[in-house]
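Line order of the protein sequences matches chains A and B.
Under the numbering used here, residues 148 to 306 are what the first sequence spells out, in order.
Under the numbering used here, residues 148 to 306 are what the second sequence spells out, in order.
Working notes for the structure below.
There are 2 protein chains.
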Amino acid sequence: MLLRCELLKQLEAKGIRLTAQRRALISTIQEATTHLDAASLLKLARERDPRINRATVYRTIELLKNLGMIDELDLMHLHGEKHYYEVSTQEGHLHLACFGCAKIIEFATPAFDRLKQEIATKNNFEIQVMRLEVGGNCSACIAKREKYLHEQHKPCPCG
Amino acid sequence: MLLRCELLKQLEAKGIRLTAQRRALISTIQEATTHLDAASLLKLARERDPRINRATVYRTIELLKNLGMIDELDLMHLHGEKHYYEVSTQEGHLHLACFGCAKIIEFATPAFDRLKQEIATKNNFEIQVMRLEVGGNCSACIAKREKYLHEQHKPCPCG
DNA sequence: GTATTTGCAAAAGCTTTGCTGCAAC
DNA sequence: GTTGCAGCAAAGCTTTTGCAAATAC
């Protein structure tokens, strides 16, 4: 249930004034259909407002991060060291990165929040951010590999 | 239960031959008492073998990572974008990074491996690496903050 | 003698910063 | 008039790479 530019509303509600450039950036993040890194975000947002500068991208990201409105992801450094961003959600979820095809799978489970609770309680730790990332092979890539092994007449580990 | 230079033994068992420089690097990782980044590792390892070069550090890290013998951590980017390394362990554990005092707390719980199992099963995903990092405030920093608020005669959220 | 690995230095990739000037109240 | 942001370009930090020389078998 994504309201149209929920982030802008939240910022407005906090009394934070934004320039047109920042508004363009923020709606771009909000409406993105993939995880964006700073460079892609800049490129996309410039379609809305060509004046946007790289420095403004990083400064706006910093702002939203500090307000806890977006989360920063590494996505297992699948494509170098850049960071990716997504709008923070109420319930925790995690990211599976496939080393084979670079696909990113999002997965949510109640166990995630239960674990979060356990971590906080047992360590008396006040959690602000929790990031869980997994790397490996997705089901399609596992199947591909097994098909390949089979065609090579090599033993298939699954029998 | 850390055997003396377990990593070297494992590599030897795999028939992987190592130069003196790499051996010095690897024992440094093995015997480290904190999480090392590439630069600290270089500095420390040079006390054992001054010939070691930065490139060799990165190339050795790459090797150990690919063999699954060390894990790469970000530690919530508490000190910039560098990576930290630790010897892989059988059972999963996670890292709590305190934004207040930069302390890193390690925490292990069976729930971690149960969650890992659930992720693998429900997504039919073959997990190679799983990294869980948490950022927030440790108990000491929470106490410090509450003491401060109390001295300022401000209301204490805990009553 | 061939293959691998080293050291060095330079490049690359992403992010941050200093500064000048513009814009908003 | 002050205050704060934007844009620009340069610097910063970490990591990677090309290549010639050195090393190991």
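Glycine residues also receive a C-beta, built at the ideal position from the N, C-alpha and C atoms.
Segment limits, alpha helix (DSSP H) that includes residue i
{"i": "glutamine 264 (chain A)", "result": "257–270"}
{"i": "cysteine 288 (chain A)", "result": "286–298"}
{"i": "glutamate 233 (chain B)", "result": "That residue, glutamate 233 (chain B), is in no alpha helix (DSSP H); its beta strand (DSSP E) goes 231–234."}
{"i": "leucine 222 (chain A)", "result": "Neither: leucine 222 (chain A) is in no alpha helix (DSSP H) and is coded neither H nor E."}
{"i": "glutamate 159 (chain A)", "result": "153–160"}
{"i": "alanine 171 (chain B)", "result": "167–178"}
{"i": "alanine 186 (chain B)", "result": "185–193"}
Residue i, buried or exposed, once every other Cβ within 10 Å from all chains shown has been counted against 16
{"i": "isoleucine 163 (chain A)", "result": "exposed"}
{"i": "glutamine 264 (chain B)", "result": "exposed"}
{"i": "asparagine 200 (chain B)", "result": "exposed"}
{"i": "glycine 215 (chain B)", "result": "exposed"}
{"i": "glycine 306 (chain B)", "result": "Here glycine 306 (chain B) scores only 47 on pLDDT, less than 50, and its place in the model is too uncertain to base an answer on."}
{"i": "tyrosine 295 (chain B)", "result": "exposed"}
{"i": "arginine 198 (chain A)", "result": "exposed"}
{"i": "cysteine 285 (chain B)", "result": "buried"}
{"i": "cysteine 245 (chain A)", "result": "buried"}
{"i": "glutamate 160 (chain B)", "result": "Here residue 160 (chain B) is alanine; the residue named in the question, glutamate, does not match the sequence. By the 10 Å Cβ count, alanine 160 (chain B) comes out exposed."}
{"i": "tyrosine 205 (chain B)", "result": "exposed"}
{"i": "glutamine 168 (chain B)", "result": "buried"}
{"i": "threonine 180 (chain A)", "result": "exposed"}
{"i": "leucine 149 (chain A)", "result": "Confidence is the limiting factor: at leucine 149 (chain A) the pLDDT is only 47, short of 50, which leaves the residue's position unreliable, though a coordinate-based value still follows. Result: exposed."}
{"i": "glutamate 194 (chain A)", "result": "exposed"}
{"i": "glycine 282 (chain A)", "result": "buried"}
{"i": "histidine 242 (chain A)", "result": "buried"}
{"i": "glutamate 280 (chain A)", "result": "buried"}
{"i": "alanine 290 (chain B)", "result": "exposed"}
{"i": "threonine 166 (chain B)", "result": "exposed"}
{"i": "glycine 239 (chain A)", "result": "buried"}
{"i": "threonine 175 (chain B)", "result": "buried"}
{"i": "threonine 236 (chain B)", "result": "exposed"}
{"i": "alanine 249 (chain B)", "result": "exposed"}
{"i": "threonine 207 (chain A)", "result": "buried"}
{"i": "alanine 287 (chain B)", "result": "exposed"}
{"i": "alanine 255 (chain A)", "result": "exposed"}
{"i": "alanine 186 (chain A)", "result": "exposed"}
{"i": "alanine 192 (chain A)", "result": "buried"}
{"i": "glutamine 171 (chain B)", "result": "The sequence given here places alanine at residue 171 (chain B); glutamine does not occur at that position. Classification for alanine 171 (chain B): buried."}
Contact list for residue i against chain A, beta-carbon separation under 9 Å
{"i": "isoleucine 289 (chain B)", "result": "Asn271, Phe272, Glu273"}
N-terminal and C-terminal residue of the beta strand (DSSP E) that residue i is part of
{"i": "alanine 202 (chain A)", "result": "Counting along the chain, alanine 202 (chain A) falls outside any beta strand (DSSP E), though it belongs to the alpha helix (DSSP H) covering 201–213."}
{"i": "alanine 244 (chain B)", "result": "241–245"}
{"i": "glutamate 238 (chain A)", "result": "Neither: glutamate 238 (chain A) is in no beta strand (DSSP E) and is coded neither H nor E."}
{"i": "isoleucine 251 (chain B)", "result": "251–254"}
Contacts of residue i in chain B (Cβ-Cβ under 8 Å)
{"i": "alanine 258 (chain A)", "result": "Ala258, Arg261, Leu262, Glu265"}
Beta-carbon neighbours of residue i, restricted to chain B and to distances below 9 Å
{"i": "isoleucine 252 (chain A)", "result": "Asn270, Phe272"}
{"i": "leucine 243 (chain A)", "result": "Ile266, Asn270, Phe272, Ile274"}
Cβ-heavy atom distance, residue i to the ligand COA, below 7 Å
{"i": "serine 174 (chain A)", "result": "Absence of the ligand COA is noted for the structure shown, with no ligands found whatsoever."}
Legend entry - Members of the segment 266–286 of chain B that neighbour chain A once the beta carbon cut-off is set at 9 Å: Ile266, Ala267, Lys269, Asn270, Asn271, Phe272, Glu273, Ile274, Gln275, Val276, Met277, Arg278, Leu279, Glu280, Val281, Gly282, Gly283, Asn284, Cys285, Ser286
Inset, instruction - Compile a chain-ordered list of the residues in the segment 208–241 of chain A whose CB is closer than 9 Å to at least one CB of chain B. - result: Glu219, Asp221, Met223, His224, Glu228, His230, Leu241
Legend entry - Interface positions of the segment 175–193 of chain B facing chain A (Cβ-Cβ less than 7 Å), listed along the chain: none
Inset, instruction - Give, in chain order, every residue of the segment 151–162 of chain B whose Cβ lies closer than 8 Å to some Cβ of chain A. - result: none
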